[in-house]
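Asks:
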Amino acid sequence: MLKKHIVPFAVVATLFILAKVFAYQMPLAQKSLLKEEKLNTTIPKSDSLKVENAEKPLSLMAQLNFADETLPLGDKKVERKMKKILAAHTYGNTQTNKLHAKAAKWFPVIEPILAAYGIPNDFKYLALVESGMAEGVSPKGAAGIWQFMPGTARTYGLRVNGNVDERYNLRKSTIAACKYIKEMYQGLESWTLVAAAYNIGDGRLRKQIDNQNQDNYYKMKLNRETGGYVYKVISMKQIMEHPKRYGYAKPRVLLAYNGE
15 MLKKHIVPFA VVATLFILAK VFAYQMPLAQ KSLLKEEKLN TTIPKSDSLK VENAEKPLSL
75 MAQLNFADET LPLGDKKVER KMKKILAAHT YGNTQTNKLH AKAAKWFPVI EPILAAYGIP
135 NDFKYLALVE SGMAEGVSPK GAAGIWQFMP GTARTYGLRV NGNVDERYNL RKSTIAACKY
195 IKEMYQGLES WTLVAAAYNI GDGRLRKQID NQNQDNYYKM KLNRETGGYV YKVISMKQIM
255 EHPKRYGYAK PRVLLAYNGE
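In our numbering, the protein residues as written are 15 to 274.
1. Could you tell me which of L142, N183, H103 sits nearest to L113, measuring between CA atoms?
2. For Y243 versus N213, is the C-beta spacing smaller than 8 Å?
3. To which residues does DSSP link A210 through a beta bridge?
4. Can you tell me the Cα-Cα spacing of T188 and I124, whole angstroms?
5. Just curious, the alpha helix (DSSP H) that T169 is in, first and last residue?
6. In chain order, what residues of the same chain have a beta carbon less than 7 Å from the beta carbon of K186, not counting five sequence neighbours either side?
7. Here's the rule I'm using: 16 or more other beta-carbon atoms within 10 Å means buried, otherwise exposed. How should E144 be labelled?
8. Using C-beta distances below 6 Å, list every residue in its chain close to E51, excluding the 5 sequence neighbours before and after it, in chain order.
9. Have a look at D224, L219, N225, N227 and flag the residue whose alpha-carbon is nearest the alpha-carbon of E239.
10. Output the boundary residues of the alpha helix (DSSP H) element that contains Q161.
11. In the DSSP output, which residue or residues are listed as bridge partners for E83?
12. So, helix, strand or coil for A179, using DSSP?
13. Let me check understanding here. Comparing Cα to Cα, which of K258, L128, E83 lies closest to A191?
14. What does the alpha-carbon distance come out to for the pair V208 and G261?
15. Thinking just about the alpha-carbon of each residue, which of Y182, G215, L184, N183 is nearest to the one in M198?
16. For Q222, is the classification buried or exposed, using 16 other Cβ atoms within 10 angstroms of its Cβ as the cut-off for buried?
17. As an exercise, report each continuous alpha helix (DSSP H) stretch of at least 4 residues that is fully enclosed by the segment 191-252, in chain order.
18. In three-state DSSP terms, what is A10?
19. Consult DSSP for A157 and reduce its assignment to one of helix, strand or coil.
20. For K233, tell me which candidate among P126, T206, I248 has the shortest Cα-Cα distance.
21. Rounded to the nearest angstrom, what separates P8 and A156 at their Cα positions?
22. Give the straight-line distance between the Cα atoms of P257 and H103, rounded to the nearest whole angstrom.
23. DSSP has V151 in a bridge; who is on the other side?
24. For I133, which residues from the same chain have a beta carbon less than 6 Å from its beta carbon, with the 5 sequence-adjacent residues on both sides left out?
25. Helix, strand or coil: how does DSSP classify F36 here?
26. F80 to V151, Cα distance in whole Å?
27. Just how far apart, CA to CA, sit K246 and Y131?
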């Protein structure tokens with residue numbers, strides 16, 4: 015009879031002990047879960063710092079360049095001159111919507127030729143500054159989109175005579191311009207200097223470099239036209255790529271080459 019009572023008693027005692035242990039573990043588990051949840055919902059300090067230290071937008075001068083060659087930052091004289099020439103190219107002063115239309119028509123011809131000769135795409139803006147895409151003859155005798163003098167045109171493969179003048183052939187004259195530009199770069203090794211040389215002449219620019227012992231275009235003392243030439247090219251680039259910024263209504267034809 016005693017054995018019959020001992021077995022049920024042992025079972026009840028075991029269940030009582032297990033209940034005590036389970037009741038003790040529950041609060042610990044709840045505390046652990048709360049602690050883990052708190053850690054997971056806390057914003058790390060490093061993330062908040064990333065937001066606070068986000069990069070500031072570049073200044074206008076830092077954005078400007080010609081053929082990826084930048085202007086000297088911090089040079090107040092250069093900055094004033096650049097801003098002055100940019101202001102002269104706003105819509106209210108020049109109203110060059112016709113240039114936008116002509117550029118949209120001619121740039122698709124010019125761009126692949128520049129690329130084929132390894133010439134930076136920015137040189138297409140020289141054509142706009144040189145002639146405004148007009149086909150007239152300058153007082154000195156330069157003609158065509160690239161404003162070649164007759165002798166220079168013949169040197170680089172264009173026919174210029176009483177019957178034909180290939181300076182007015184966009185494709186052929188662009189090829190000639192590329193040959194001329196590439197040849198100048200081999201000696202000057204700066205696209206900015208090449209652009210200046212296109213205006214003043216390769217030999218005359220080299221002479222100025224030697225006389226001044228200076229090969230930084232922005233620090234050289236040049237005649238008024240050449241000294242402002244690259245600034246004009248950069249200004250032309252700006253108004254063509256960002257017409258709305260400078261007061262131009264954006265023509266539909268610009269959509270072909272302008273992503274803005």
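All residues carry an ideal CB built from backbone N, CA and C; glycine is no exception.
Replies: The relevant details are as follows:
1. As a first step, residue 113 is located in the sequence shown; it is residue number 99 there, counting from the start. Per the Cα distances, L142.
2. What you label residue 243 is simply residue 229 of the sequence shown in a count that begins at 1. What you label residue 213 is simply residue 199 of the sequence shown in a count that begins at 1. Result yes, Cβ atoms of Y243 and N213 sit closer than 8 Å.
3. Numbered from 1 along the sequence shown, position 196 holds the residue referred to as residue 210. For A210, which the question treats as bridged, DSSP gives no partner whatsoever.
4. Indexing the sequence shown from 1 puts residue 188 at position 174. Indexing the sequence shown from 1 puts residue 124 at position 110. Straight across, the Cα-Cα distance linking T188 with I124 is about 6 Å.
5. In the sequence shown, counting from the first residue as 1, residue 169 sits at position 155. 164-169 is the extent of the alpha helix (DSSP H) around T169.
6. Against the sequence shown, residue 186 aligns to sequence position 172. Residues L172, E180 of the same chain have their beta carbon placed closer than 7 Å to that of K186, with the five preceding and five following residues left out of the count.
7. Locating residue 144 in the sequence shown gives position 130, where the first residue counts as 1. By the 10 Å Cβ count, E144 comes out buried.
8. Here the question's residue 51 lines up with position 37 in the sequence shown. Low per-residue confidence applies at E51: pLDDT is 46, beneath 50, and the placement is therefore not dependable, though the value from the model is reported in the following sentence. Counting only Cβ-Cβ distances below 6 Å, and skipping sequence neighbours, we find nothing.
9. For the purposes of this step, residue 239 is identified with residue 225 of the sequence shown, where counting begins at 1. The option with the nearest alpha carbon to E239 is L219.
10. As a first step, residue 161 is located in the sequence shown; it is residue number 147 there, counting from the start. Judged by DSSP secondary structure, Q161 falls outside any alpha helix (DSSP H); it is assigned neither H nor E.
11. Translated into the one-based positions of the sequence shown, residue 83 becomes position 69. DSSP output for E83 lists F80 as bridge partner(s).
12. For the purposes of this step, residue 179 is taken as residue 165 along the sequence shown, with counting starting at 1. It is Asp, not Ala, that sits at residue 179 in the sequence shown. Residue state for D179 is assigned as strand, using DSSP reduced to three classes.
13. Numbered from 1 along the sequence shown, position 177 holds the residue referred to as residue 191. Among K258, L128, E83, the Cα nearest to that of A191 belongs to L128.
14. Here residue 208 refers to the residue found at position 194 when the sequence shown is read from its first residue. Here residue 261 refers to the residue found at position 247 when the sequence shown is read from its first residue. G261 has its alpha-carbon roughly 30 Å from the corresponding atom of V208.
15. Translated into positions along the sequence shown, residue 198 becomes position 184. M198 has its Cα closest to that of G215, out of Y182, G215, L184, N183.
16. Counting from 1 along the sequence shown, the entry for residue 222 is found at position 208. By the 10 Å Cβ count, Q222 comes out buried.
17. Counting whole runs of 4 or more residues, the segment 191-252 contains the alpha helix (DSSP H) stretches 205-214, 216-226, 238-241.
18. As shown, the chain starts at 15 and ends at 274. That puts residue 10 outside it, with no answer to give.
19. As a first step, residue 157 must be located in the sequence shown, where it is residue number 143. Strand, per DSSP.
20. For the purposes of this step, residue 233 is taken as residue 219 along the sequence shown, with counting starting at 1. Ranking P126, T206, I248 by Cα distance to K233 puts T206 first.
21. Since the first residue of the chain shown is 15 and the last is 274, residue 8 is not available in this structure.
22. For this step, residue 257 is matched to residue 243 along the sequence shown. For this step, residue 103 is matched to residue 89 along the sequence shown. Roughly 11 Å between the two C-alpha positions.
23. Position 137 of the sequence shown, counted from the first residue, corresponds to residue 151. Partner(s): A157.
24. Here the question's residue 133 lines up with position 119 in the sequence shown. Excluding residues within five positions, the ones whose Cβ falls inside 6 Å are C192, I195.
25. In the sequence shown, residue 36 corresponds to position 22, counting from 1. Model confidence at F36 stands at a pLDDT of 46, short of 50, so the residue's coordinates are unreliable and nothing is read from them.
26. The sequence position of residue 80 within the sequence shown is 66, counting from 1. The sequence position of residue 151 within the sequence shown is 137, counting from 1. So the alpha carbons of these two residues sit roughly 27 Å apart.
27. Indexing the sequence shown from 1 puts residue 246 at position 232. Indexing the sequence shown from 1 puts residue 131 at position 117. Near 24 Å, if we compare the C-alpha coordinates of Y131 and K246.
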